[in-house]
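> Read in order, the letters of the sequence shown are residues 1 to 613 in the UniProt record's numbering.
Positions of the beta carbon are idealized from the N, C-alpha and C atoms, including for glycine.
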Amino acid sequence: MKRRRGAAPEPGCLRVWAAESEALAGRWRAARCAGPRGAEAAARQQRGAFGELLLRMRGLPAALPALPLELTVVYNSLLFVMGTSDRVVEGEAEGIRQGLLRVLEACGSSGQDLSTEELWQKVLQELLSSAEDSGRAPCSRGENKLLALLKAWRVPAKGASTSLVQSAENLKETLCTAAAFLQGLQELEAGNLPAALSLLQKAAGGFCSKRVLAQIYTCLGCCAQQMGKPQTALQHLKRALQVDFQCLPALSHVAAVYQELGETDAELQALGLLYEALEKNPPSAASFSPYFLIRTELLVHTPILTSLLRRRQPSEVKYLLAQRCLQEGRVADAVEHYLDFLAVLQEGLQQQVPLDGGSALPRIPEAFLEAASALEQDGRHRDAITLCEEVISRTTDLIPRALLLVEEGLEQPESPSPGTGLAGGLLSQKRESLHCLTWRAAAYLHQGWAWVKLGENKEAITQFSRCLSELLRFPLCGPGAEPRGNLLAEVEVLQKIRLLSLIGRGTQFLELGKHKEALLDFQYGLQVSPGDPAAASYLVQALWKLNRKQEAAAHWQKHLERPTGEDGQQEGQGRPFPLYLVSCVKQAAFPQRESLARSIQDYLRTMSQDPFS
């Protein structure tokens, strides 16, 4: 390579610069011994001092004799910039690029047109050329090339780097850990789980703080869980908490693993501990380390890590406790947690509730409806009615008078980009209106069933009728009303609410002896949801009470002789419905199936023996 002909700095100039660099490094070592607070202030001063020294050195052309000193000053300057920041920032990349260009300039080469990656490759070929290829450890299968390169780096002896504010050996170990951690996260995000596990295990054996080690074990736990190894996942997550109990995301993942294992007691205990810890320990700012300016946590920032280590808010965990208790039938506990959660909302602390896509929280009206469902199941029917009234009052002005299906031209895109274009905007508005309609109708539905439990048949009929009147705004049946694509999930929920209201009102008509009115509701229910076993059973019962036994038997044979699931629903029918509807589904179930079945079977046997009777 042809050497650049440039004037090297005078020896005296080099000595002055070297003495200044050593003095700055010495002052830093002295400040570091004074503790974190004094060291942090000194670090900010040294950051500016090394920057000024670097500017003076770069005032002259790059030359080989001055290169070791200049790289030392570049290194120290960048360390102080990074050490006094929360994370690596873009400005440091330009500082590194300028340092690489100065190396090439001193060697008589140029690299202005190269990318930063290409600059690194070219400079490393120059600086590491003294290491024989045969002496380098070959890449093991699946090992990242950067890791292999870092392992092959022969750092200088301690005596040769006294001006470094952080030793090269320490830097190498930190970079190796960070590289393994980053590559492991990349493989985890790509779904290459065995490779991710191997790299994360290497990172766990590396050089890092307890805080980062706990994060690595948390990621190992998540990786093992995705590999279908929940017990191994628990071991890693418990290890994370042993290393640093402030790694609360690990406790959140522990609860998720216990839920997967079906160990509800352990899951709820983990969520309870998480809630207590979050209440007592608000999130702390990143701490300054006087010993290691460049640390693994400054180098590892990726979306997947942010997602895995997302810290939940106390209100979010309180809601999770309520939801899981309700799902598991622990009604009294669910009521307690829901009321605590709603108290937070009522106090105007919604700002604490995370709004990102990873949040476990539902929309506020859904939380009210779930709480009402819990209160209903706990026998607190009037409290449930009051909560539902709150939902109704809050959604009164949010629903258009007539809510029609989106025009065919707007229904064509299966996945329009939210908020982009006319179709996306109108579809978003339509979905929000449907949500409000769903919540309002569900509130009337819950009130109807609550009045049923209170023995108030006429009031129950009134609330079921109000629910059905609300749903008239959105035509679920009739020509051209078949939902497609984008709104299918919302429409299915509305259909379920309509069915449950029809069954509820029909049962109350039966109680009042109005069998014909009941029959009409059950017939319409079967139109809304063909083959629904509850609607079909009540229809058969109404026909039987009207002494239309032949029709009753025909409907029984058509709809109810097929096997059903344990919950009374036909197996494989539809998708799961919102949690707040589960109690209504249970209340709408037909309670006298075996008795009705015996009556129908006796009738059919009699008819087969004497068809003219």
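Could you tell me if residue 113 is buried or exposed, where buried requires 16 or more neighbouring beta carbons within 10 angstroms of its beta carbon?
Residue 113 is exposed by the Cβ-count criterion.
> Report the residue ranges of all alpha helix (DSSP H) runs contained in full by the stretch 70-118; include only those spanning at least 4 residues, in chain order.
Fully enclosed alpha helix (DSSP H) runs of 4 or longer: 90-106.
> Compare the Cα-Cα distances from residue 367 to each of 429, 381, 555 and 340 and report the closest residue.
Of the listed residues, the one whose Cα sits closest to residue 367 is 340.
> Would you kindly work out how many angstroms separate the C-alpha atoms of residue 602 and residue 556, rounded to a whole number?
Approximately 13 Å, taken between the alpha carbons.
> If we count the other Cβ atoms within 10 Å of its Cβ and call it buried at 16 or more, is residue 609 buried or exposed?
With fewer than 16 Cβ atoms within 10 Å of its Cβ, residue 609 is classed as exposed.
> Could you name the residues of the same chain whose beta carbon sits closer than 8 Å to that of residue 142, not counting the 5 residues immediately before and after it, in chain order?
Confidence in residue 142 is poor, its pLDDT being 44 and thus under 50, which makes the residue's placement too unreliable to answer from.
> What's the call for residue 488, buried or exposed, on a 16-neighbour Cβ count within 10 Å?
Per the 10 Å Cβ criterion, exposed.
> Please look up how many angstroms separate the CB atoms of residue 498 and residue 528, rounded, as I've assumed it's under 8 Å.
That pair is a contact at about 5 Å.
> Following a CB-centred definition, is residue 540 positioned closer than 8 Å to any heavy atom of the ligand HEM?
For the structure depicted, the ligand HEM is absent and the ligand set is empty, with no information on it obtainable.
> So which of 203, 72, 179 and 52 has the shortest CA-CA distance to residue 166?
With distances taken between Cα atoms, residue 166 lies closest to 72.
> For residue 318, which of 279, 227 and 208 has the nearest alpha-carbon?
Cα-wise, what sits closest to residue 318 is 279.
> Between the alpha carbons of residue 416 and residue 431, how many angstroms are there, rounded?
Any answer about residue 416 is weak, because its pLDDT of 45 lies below 50 and its placement is not dependable; what the coordinates show is given next. C-alpha separation (whole angstroms): 13 Å.
> On the three-pair Cβ rule with 8 Å, is the stretch 442-450 touching the stretch 368-385?
A contact exists between the stretch 442-450 and the stretch 368-385.
> Taking the alpha helix (DSSP H) that residue 165 belongs to, which residues open and close that run?
First-last for residue 165: undefined, no H or E at that position.
> Between residue 105 and residue 61, is the Cβ-Cβ spacing less than 9 Å?
For residue 105 and residue 61, yes; Cβs fall inside 9 Å.
> Where does residue 547 sit, in a helix, a strand or coil, going by DSSP?
Coil.
> State the CB to CB distance for the pair residue 501 and residue 468, rounded to an integer number of angstroms; the pair is presumed to be in contact (CB under 8 Å).
Contact flag correct, Cβ pair sits at about 5 Å.
> With a cut-off of 8 Å on the beta carbons, I'd call residue 244 and residue 214 a contact; round off their distance for me.
At roughly 4 Å, the Cβ-Cβ gap stays under 8 Å, so residue 244 and residue 214 are in contact.
> Note down, one range per segment and in chain order, each alpha helix (DSSP H) of at least 4 residues found wholly within the stretch 182-211.
If we require 4 residues or more, the alpha helix (DSSP H) runs fully inside the stretch 182-211 come out as 193-204.
> Could you check the C-alpha separation between residue 228 and residue 220 for me, to the nearest Å?
When rounded, the distance between both Cα atoms is 13 Å.
> Using the Cα positions of residue 526 and residue 532, report the straight-line distance between them to the nearest angstrom.
When rounded, the distance between both Cα atoms is 7 Å.
> Determine whether the beta carbon atoms of residue 58 and residue 27 lie at a separation below 9 Å.
Contact: no.
> Does chain C have any CB closer than 9 Å to the CB of residue 323?
Structure shown: chain C not included; a single protein chain is present.
> Which whole-angstrom value describes the C-beta separation of residue 270 and residue 254, a residue pair presumed to lie in contact below a C-beta threshold of 8 Å?
That pair is a contact at about 5 Å.
> Please classify residue 360: is it buried, with 16 or more other beta-carbons within 10 angstroms of its beta-carbon, or exposed?
Classification of residue 360: exposed, given that the 10 Å Cβ count is below 16.
> Nearest CA to the CA of residue 201: which residue from 183, 189 and 211?
Checked all of 183, 189 and 211; the closest Cα to residue 201 is 183.
> I need the boundaries of the alpha helix (DSSP H) containing residue 340, first residue and last residue.
Here the alpha helix (DSSP H) through residue 340 covers 331-346.
> Using CA coordinates, which residue listed in 154, 188 and 189 is at the minimum distance from residue 173?
Minimum Cα distance to residue 173 is reached at 154.
> Just curious, the alpha helix (DSSP H) that residue 614 is in, first and last residue?
For residue 614 there is no data in the structure shown, the boundaries of the chain being 1 and 613.
> Taking 8 Å as the limit between beta carbons, can you name the residues of its chain near residue 493, skipping five residues before and five after?
Closer than 8 Å at Cβ, skipping near neighbours: 438, 577, 578 and 581.
> Alpha helix (DSSP H) containing residue 396: first to last residue?
Unbroken run through residue 396: none, as it is neither H nor E.
> State the CB to CB distance for the pair residue 83 and residue 293, rounded to an integer number of angstroms; the pair is presumed to be in contact (CB under 8 Å).
Residue 83 to residue 293, Cβ: 3 Å. Contact.
> State yes or no: is the C-beta of residue 249 within less than 9 Å of the C-beta of residue 218?
It is a contact, given that the beta carbons lie within the stated cut-off.
> Terminal residues of the continuous alpha helix (DSSP H) containing residue 328?
It is not in any alpha helix (DSSP H) - residue 328 carries neither H nor E in the DSSP assignment.
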